[in-house]
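1 is the number of the first residue of the sequence shown in UniProt numbering; add one for each residue after it.
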Amino acid sequence: MIFRQLFDSESSTYTYLIGDEATRQAVLIDPVLEQAGRDLKLVAELDLTLTHVFDTHVHADHVTASGVLRERTQATVVGGVGGASCANLHVRHGDAVRVGQLVFQVLATPGHTDDSVSYLLGDRVFTGDALLIRGNGRTDFQNGNAGQLYDSLTRVLFALPDSTLVYPGHDYQGRTVTSIAEEKRHNPRVANQSREAFIHIMEHLNLPKPRRLEVAVPANRGCGHPTPAPASLDSTAAS
């Protein structure tokens, strides 16, 4: 397996390139629009063919490159049910997606958003914003639900083997990877916390809205293609 972890400094987003050495087919997980050129260059340098793009959810802090990558490579865009309607394939818990000889198992992990999914590949899981390193995604917009996220973390992700490596969608402190065992033991929001305590924590974070929320969510529902602004918000509209 070919594996690369890529980073967008503007949004602190991790994008993952995974390729099958036998067939040279590859997938990008959570690509960022502004980094599409970088990612395609790396795909070419590694002699890979991009056949799939996975989004873990409809992002609120950056615009996905899934639509642009599909236009340039004819890749299949994959997302969770209830997410971007423009995806080629909408997946549910228990589904499998094959990229060459690599088989990704889909885990429904809603709570951060209602369409959030994680992708399990062997000994590693790509969790998007559901499970972060010593943290988790917020639950105060996009149909987020703290109780649902607690269930996703404790019943789905923490049910994986302790040795499973966790590759998150973001990290703001330069950390790159964790494990299920580490998060069970050291994640301050979840470890040894009841469901009620977790909900209380999430309801009192008092975080500011993501800076790009109003742009990113509509664009990501269109696979990275923004919808036209209403006339009242369009600076070129006649007054």
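Glycine included, C-beta positions come from ideal geometry on N, C-alpha and C.
None of the values given here were measured: they were computed from a predicted structure.
{"Query": "Ordered list of beta strand (DSSP E) runs contained in the UniProt domain \"Metallo-beta-lactamase\" (12 to 170), each at least 3 residues", "Result": "13 to 19, 25 to 29, 49 to 54, 76 to 80, 89 to 91, 96 to 99, 102 to 108, 117 to 121, 124 to 128 and 165 to 168"}
{"Query": "Residue from D151, I133 and A96 whose Cα sits closest to the Cα of D114", "Result": "D151"}
{"Query": "For R4, the three-state DSSP class (helix, strand or coil)", "Result": "strand"}
{"Query": "Supposed contact pair N220 and V63 - C-beta distance, whole angstroms, cut 8 Å", "Result": "6 Å"}
{"Query": "7 Å CB neighbourhood of E214 in its chain, flanking five on each side removed", "Result": "none"}
{"Query": "Cβ pair H52, V91 closer than 8 Å", "Result": "no"}
{"Query": "For R189 and P218, the rounded distance between their alpha carbons", "Result": "30 Å"}
{"Query": "Rounded C-alpha distance that separates P161 from L121", "Result": "12 Å"}
{"Query": "Other residues of its chain near V81: CB distance less than 8 Å, five sequence neighbours each side excluded", "Result": "H90, V91, R92 and D115"}
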